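In my numbering, the protein residues as written are 1 to 223.
Here the structure is laid out as structure tokens; the discussion comes afterwards.
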Ligand SMILES: C[S@@+](CC[C@H](N)C(=O)[O-])C[C@H]1O[C@@H](n2cnc3c(N)ncnc32)[C@H](O)[C@@H]1O
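Spelled out as structure tokens, the structure:
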């Protein structure tokens, strides 16, 4: 399980392979820049880990990190004893970076575009730091929310972080949609109703020393 990156058709869906935001775009982004130099890099996923603890997600429960890329969240969860971990990203190159840090770890790696993904199971926690905000069209967001709907049973938890209204308007040259907590929750609730447990504003320090404002929401699916 930990040695194979599953590649699904969605990784090239919609002819977005070479286009901005498609798998080749993101593969190139990860191949051209050391992970620790990427603007979103964090040595430890501290906010995510704190929110996961606040939500009370058990170490035997399934966690999927959507748009997880090469994030160190999976390292932190593995070190804390989580045994049912999935990382999904449109970039297989990004997943390979994370996978190389965790040889033999029981992690499922899925290379696909979340907006056209059909989940084959349900998870206790959906985590997304800085992927949803790249979805700038209603169709992309509908695809994402359909996957979220299929992946989470009522009562399951979710954590989503995007750039805040005063955060950057672009990332990696791509436009992003910025949210405050109310709009992020109401956007998700168009498909998946959420009881919010925590909202948080975070100022992320990039490796270059810039500051980026993030909006975090954590909650549970209600219906
Ligand atoms: C800013 S990075 C954040 C990565 C990671 N969540 C972290 O916090 O380090 C955004 C990630 O979203 C991924 N991504 C962008 N669009 C995606 C899509 N449609 N489906 C799946 N992953 C996507 C990118 O490949 C990239 O790894």
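Every residue, glycine too, gets a C-beta built ideally from N, C-alpha and C.
Computed from a predicted structure; not experimentally measured.
Residue i by DSSP, collapsed to three states: which one?
| i | result |
| --- | --- |
| residue 65 | strand |
| residue 39 | coil |
| residue 32 | helix |
| residue 26 | helix |
| residue 53 | helix |
| residue 194 | strand |
| residue 138 | helix |
| residue 213 | strand |
| residue 172 | coil |
| residue 222 | coil |
| residue 108 | strand |
For residue i, is the beta carbon positioned less than 7 Å from some heavy atom of ligand 1?
| i | result |
| --- | --- |
| residue 94 | yes |
| residue 129 | yes |
| residue 91 | yes |
| residue 114 | yes |
| residue 214 | no |
| residue 58 | no |
| residue 186 | no |
| residue 234 | Examination of residue 234 is not possible in this model, given that the chain is present from 1 through 223 alone. |
| residue 88 | yes |
| residue 134 | yes |
| residue 126 | no |
| residue 173 | no |
| residue 109 | no |
| residue 26 | yes |
| residue 167 | no |
| residue 68 | yes |
Sort the options by Cα distance to residue i and report the nearest one.
| i | options | result |
| --- | --- | --- |
| residue 140 | 208, 7 and 117 | 117 |
| residue 135 | 215, 203, 167 and 113 | 113 |
| residue 72 | 95, 6 and 149 | 95 |
| residue 78 | 69, 107 and 221 | 107 |
| residue 69 | 104, 29 and 59 | 29 |
| residue 220 | 212, 192, 213 and 214 | 192 |
| residue 214 | 168, 196 and 43 | 168 |
| residue 145 | 184, 164, 172 and 176 | 184 |
| residue 48 | 162, 166, 177 and 170 | 162 |
| residue 37 | 172, 50, 218 and 132 | 172 |
When the Cα atoms are used, what is the spatial distance from residue i to residue j?
| i | j | result |
| --- | --- | --- |
| residue 127 | residue 198 | 14 Å |
| residue 179 | residue 99 | 31 Å |
| residue 138 | residue 189 | 14 Å |
| residue 85 | residue 119 | 14 Å |
| residue 8 | residue 110 | 7 Å |
| residue 207 | residue 194 | 33 Å |
| residue 88 | residue 54 | 23 Å |
| residue 31 | residue 158 | 29 Å |
| residue 115 | residue 60 | 27 Å |
| residue 63 | residue 210 | 30 Å |
| residue 236 | residue 174 | Residue 236 is absent from the structure shown; the chain starts at 1 and stops at 223. |
| residue 5 | residue 92 | 7 Å |
| residue 27 | residue 19 | 12 Å |
| residue 57 | residue 35 | 28 Å |
| residue 196 | residue 223 | 13 Å |
Would residue i count as contacting chain B if we go by Cβ distances under 8 Å?
| i | result |
| --- | --- |
| residue 112 | No chain B appears in the structure shown, which is made up of a single protein chain. |
Closer than 7 Å: is that where the CB of residue i sits relative to any heavy atom of ligand 2?
| i | result |
| --- | --- |
| residue 123 | Because ligand 2 does not appear in the structure shown, any question about it cannot be addressed here, the ligands present being ligand 1. |
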